[in-house]
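Q: Quick one: the structure is below, questions incoming.
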Amino acid sequence: MALPSSMRGRLAVGRAMRGSLGAALVLFGAAAALAQAIPSGVAYLTGSQEADGSWSSPQVRPVTATTEALRALQLLSAAPASRAAAVARLEEDPVEDTDDRARRILVLAAEGRDVSALLDQLRLDADPAGGWGLVPGFAPDPLDTGLALAAAAPGTALGDFVLLPALTYLLGAQQPDGGWACVDGGETDIYCTSYALLGLAPYRARFFLDPQINAGANFLKARRNPSGSFGPAGPSELLNTAAASLALAAVPALSSEIALIRGFLEGQQQGDGSWESDPFMTGLVLQALFALSRVPFCGDGAANLPAETCDGTDLRGATCGSLGLGTGTLACTASCTLDTTGCTGPPRCGDGVINLPSEACDGADLGGESCVGLGLGPGTLACSSSCTFDTTGCAAPPRCGDGVINRPGEACDGADLGGKTCVDVGFLGGTLACHPDCTLDASGCVGVPFCGDGVINRPDEDCDRTDLGRRTCESLGLGGGTLTCTSNCKLQTAGCASSGAATPRSITLGPDAAVCSGGTQTVPVSINFPAGSVIDKVDVFLLFDDTGSFAFLVPQVTTIFSQLVGQLQTALPQVSFSFGVGRFEDYGGPGASFSSENTTGRPFTLNQPLITPDIPSFTALINGALNRTAPGFGGDGPESNIEALKQIATGSGFDGNGNGSLLDSGPAGFAGPGTNPQTNPGVSGDVPPFSSNVAPASGTLGGVGFRPGALRRVISAGDICPVAAFTAGVPVPPTITGAGGATVPTTALLCSTPAGSNRFGFVSNSVSRTGNTVAAAVAPRGAATVPETVAALNALGVSVIGLAPGGVAIRNPVGPNFDPSVSLSALALLTGATDATGSPLVFNITGGPGPIRDAIVAAVTTAATRPRDVSLTFSGVPAGLSVSFKPPVVPNVGPGGSAAFDVTFTGDGRVIQGTFPLSFVDLQSN
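Taking the numbering used here, I'd label the letters of the sequence shown as residues 224 to 1149.
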């Protein structure tokens, strides 16, 4: 084995195969059972260990042989006694140089030892200009720098003031062919390139290093021989192959060639289980074999890559029948795609399987749907010959207008007055009728309306006897209980339980209260959660892409949402839901717009603010909003969903043409006849503020009418990454932090880099490219930036659930990437839209409406039933009055539970009178 001359009699291999310090293995996971080469190699290492716990080698110094042998045993979870002896030896021996220190950090940390002193010295030994040499004062080199960076990864005490110059040095030392030389001015080298890559790999998620890492990987791959080895044949061939294998597995940048590489390495093993009768080389090759075994590739017999539809006999459960191809034998090609040549037929309507985008059902395959799931009454759902649902066997659901009093809240329905007459509701006579919203119509009754006549018919009446105006304890934001009416026609909430949805409550102190004479007054308050949830209100808003490229998916998205409306109410009957609809396109406006397309779109359209199902004509309003689309506005490039989300959170509006008015495309929510601004918005590019809304709405918060105290969810559907704008003159942050401290790389929200390309850049000082003087501007003046949008969503507690064609949840999204799954996963993480495991809520639109609907229902149900840590807040407490309460918090209050507090008021002798707001708060909320 010949070593590069630059190594100065030293060698340090395998030190970069790590995730976090102190973990036996993070990058590659737990050791798996490998070929017979592994146990015989381990046996050789344990048998060749010296009495003092070290290993010796004819090629390298003992510390190098010891750390490489120890690292192999750690990765394989083997020989704990041998590992303990080696650790004791390493902790006793003095550290010689950077190479030695970096190697020890890795293996000692993996055994749970304290390496803080080693890390502190590593930081001090860094060259002031960046990087590390063998010892302080030596010029930095790629090998020592790569070893040090890998040893300290990922989040240790190095600090950015050491890390960033080191990365800058290492990237600057990369040669035009993608490789690294061992010393300045030398030739590019396989071994040193491998360790430079191992030094960069742990930082790939934090910094955009893809071009440099890919170039280095290509350098190594170009030097692979047909036999599976790397570099020229000779003494260094085994060393180069092991080092290159470690680097390419860490990137990763290998696929089917893994079998060749493993074959070469295993073929070099000697009869005694060693490689070259050398503990150092044996440890290094064992590490390489282990690393290669953890990299999935097409041909390994397991469909374990996103791009694989199959691998060998693993067909991911697919059959000819499940694909709608009749009977026969389904197979897998060498490129890991399904081979359907053995199947009998193509997908078609009538083959009994839902396998075409246009099919809602096929024969007996209803996609898991039912009459109730479609929002209808009980019955038998069937499928028509055109593969659409046949609902003739379903009963119509109870509704206002069916002529029968059959729903809570209906005082009447058509001619069904429940046996009541004008006399029953407080009049002398006449004809009692029913309003279209199923409330009594006493306009035909005779006699003077008065408080006590049983009908709300005077401006000063909140209620009248049993006529509560369709209000309940729940609709007022309170818990369960009985809402009543006082004799002076005012609502009486004493029979209601308080609710934990963060709706403010109040305690009123009169002039005769003890606090007015300098005393104290303690008032008990409590919150009682309903039996089925801890949230009494949930607002769900659908935001979908309305550009041309998404048009064919809009029917599936609207079907999912329309079914979701009924399913959520069925799953959580004690919760008050509201639903709304909006869409996004791209920035419009005059002249050379920043959309780079000739469009008349606007970045956000409010089709329907949030409304509750008890609003008259609720179903018609929601269906009408879902059907108001104008595909094509905004073209097909990166879309304006960031701006749309800001408008949803703030309702501030946007001046698309810069004329000082926000209403050139009509008021918010307007969907009038003729020149309907929702489908013919004109060329202004304006987004009207929510304050101009003219559509029915159940709330007033944000830009779509969120309700106080509600759990707020936005379902955002699109097919590409967003326009990602930032404030000009301010450095773009490397990361963005959101709900619960979640942090994602800024690149996860970008289509590409650098700034100015593919809609990543800055907000202009002009409404169009004409007159713009901001370099790399990608959005017009006043446009939303990514950081302010995330902050606005979290300030209002809005979580964003993602829908995309082929959508997948990505726990660690890294960009830039045009795939909408990346940006939607980032938004979900930043706004707290995650499941119980921490995975972002992102779903595949094309997976069928039933599974997506059920997954979203499950996610909302989980959020609505999660136990809360309940506390109190006050506002508006005047001078002269102090307020305290105990206990400070009641933890883990779940459905059906309660939290009680004693609120103590203390006065200073002044007369105090008034109402002081009191709110129950969830300390775990976003």
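Built from N, CA and C at the ideal position, the CB exists for glycine as well.
1. Report the partner residues of Pro1063 according to the DSSP bridge assignment.
2. Output needed for Ala1082: all residues of its chain with C-beta closer than 6 Å, excluding positions within five of it in sequence on either side, in chain order.
3. Should Thr536 go down as buried or exposed, given a rule of 16 or more other Cβ atoms within 10 Å for buried?
4. Going straight from the alpha carbon of Gly858 to that of Ser1107, what length do you get?
5. Quick check: the Cα distance between Gly984 and Thr1054, rounded to an integer number of angstroms?
6. If you drop the 5 nearest sequence neighbours on each side, which residues of the same chain put their C-beta closer than 8 Å to that of Phe612?
7. Leaving out five residues before and five after Gly624 in sequence, what residues of the same chain have Cβ atoms less than 8 Å from its Cβ?
8. By how many angstroms is the C-alpha of Ser785 removed from the C-alpha of Ala843?
9. DSSP beta-bridge partners for Leu663?
10. Quick check: the region 736-751 against the region 779-793, are at least 3 beta-carbon pairs closer than 8 Å?
11. Would you call the region 1031-1039 and the region 926-940 in contact, with 3 or more CB pairs under 8 Å?
12. Please determine, among Val763, Cys610, Ala774 and Thr852, the residue with the shortest C-alpha to C-alpha distance to Val798.
13. Among the candidates Pro1072, Asp320, Ser279 and Leu1104, whose CA atom is the shortest distance from the CA of Ile577?
14. Suppose you measure from the CA of Arg284 to the CA of Leu432; what does that come to, to the nearest Å?
15. For Phe205, which option in Arg346, Ile679, Gly602 and Asp639 has the closest C-alpha, if you only look at C-alpha atoms?
16. What do you get for Ser452, buried or exposed, if any count of 16 or more other CB atoms within 10 angstroms of its CB means buried?
17. Between Thr269 and Pro569, what straight-line distance do the alpha-carbon atoms span, to the nearest angstrom?
18. Are there three or more Cβ pairs, one per stretch, closer than 8 Å when the region 868-884 is compared with the region 922-930?
19. Using the C-alpha atoms, what's the distance from Ile436 back to Gly565?
20. Can you tell me the Cα-Cα spacing of Val1116 and Ile871, whole angstroms?
21. Would you call the region 523-530 in contact with the region 500-509, where contact means no fewer than 3 C-beta pairs closer than 8 Å?
22. Need the endpoints of the alpha helix (DSSP H) that Gly270 sits in, please.
23. For the region 972-1048, list the alpha helix (DSSP H) runs that are entirely contained and at least 4 residues long, ordered along the chain.
24. Assuming Leu329 and Ala295 form a contact by the criterion Cβ under 8 Å, report the distance between their Cβ atoms to the nearest whole angstrom.
25. Just how far apart, CA to CA, sit Phe800 and Thr993?
26. Identify the residues that DSSP records as bridge partners of Phe802: which are they?
27. Could you tell me which of Arg936, Leu934 and Pro1010 sits nearest to Val953, measuring between CA atoms?
28. Beta carbon of Ser608: closer than 7 Å to some heavy atom of the ligand FMN?
29. Which runs of the beta strand (DSSP E) fall wholly inside the region 335-400 and span at least 3 residues, in chain order?
30. Which residues does DSSP pair with Leu1104 in a beta bridge?
31. Which residues in the same chain as Ser263 place their Cβ atom closer than 6 Å to its Cβ, once the five residues preceding and following it in sequence are excluded?
32. Provide the residue span of the beta strand (DSSP E) that contains Phe949, from first to last.
33. I'd like to confirm the pairing. Which residues does DSSP put opposite Val937 in its beta bridges?
34. Considering only the alpha carbon of each residue, which of Ser991, Arg851 and Asp664 lies closest to Asn880?
35. For Gly653, which residues of its own chain have a beta-carbon under 6 Å away from its beta-carbon, when the five flanking residues on both sides are left out?
36. Give the straight-line distance between the Cα atoms of Ala1006 and Phe767, rounded to the nearest whole angstrom.
A: Considering the structure as presented:
1. Thr1057
2. Within the same chain, Ala1082 has close Cβ partners Leu1064.
3. exposed
4. With a pLDDT of only 48 at Gly858, under 50, the local geometry of the prediction cannot be trusted, and the value read off the model is given with reservation. Cα to Cα, Gly858 sits roughly 57 Å from Ser1107.
5. 22 Å
6. These residues qualify, in order along the chain: Ala583, Cys584, Leu589, Glu592, Leu597, Leu604, Ala605 and Cys606.
7. Asp636, Gly637, Pro659 and Cys661
8. Approximately 11 Å, taken between the alpha carbons.
9. Cys657
10. no
11. no
12. Val763
13. Pro1072
14. So the alpha carbons of these two residues sit roughly 34 Å apart.
15. Because residue 205 is not part of the residues shown, which for the chain are 224 to 1149, the question remains open.
16. buried
17. 59 Å
18. yes
19. 42 Å
20. 31 Å
21. no
22. Ala260 to Ser271
23. The region 972-1048 contains these whole alpha helix (DSSP H) runs: 1009-1018.
24. Not quite, the Cβ-Cβ distance comes to about 12 Å (not below 8 Å), so this is no contact.
25. Going by the C-alpha atoms only, they are around 46 Å apart.
26. Val763 and Ile834
27. Here the closest residue by C-alpha is Pro1010.
28. Annotation note on the ligand FMN: not contained in the displayed structure, which lists no ligands.
29. none
30. Answer by DSSP bridge pairing, in chain order: Gly1130.
31. Gly496
32. Ala947 to Phe949
33. According to DSSP, which records beta bridges pairwise, Val937 is partnered with Phe764 and Val1023.
34. Ser991
35. Cys645, Gly667, Cys668 and Val669
36. 19 Å
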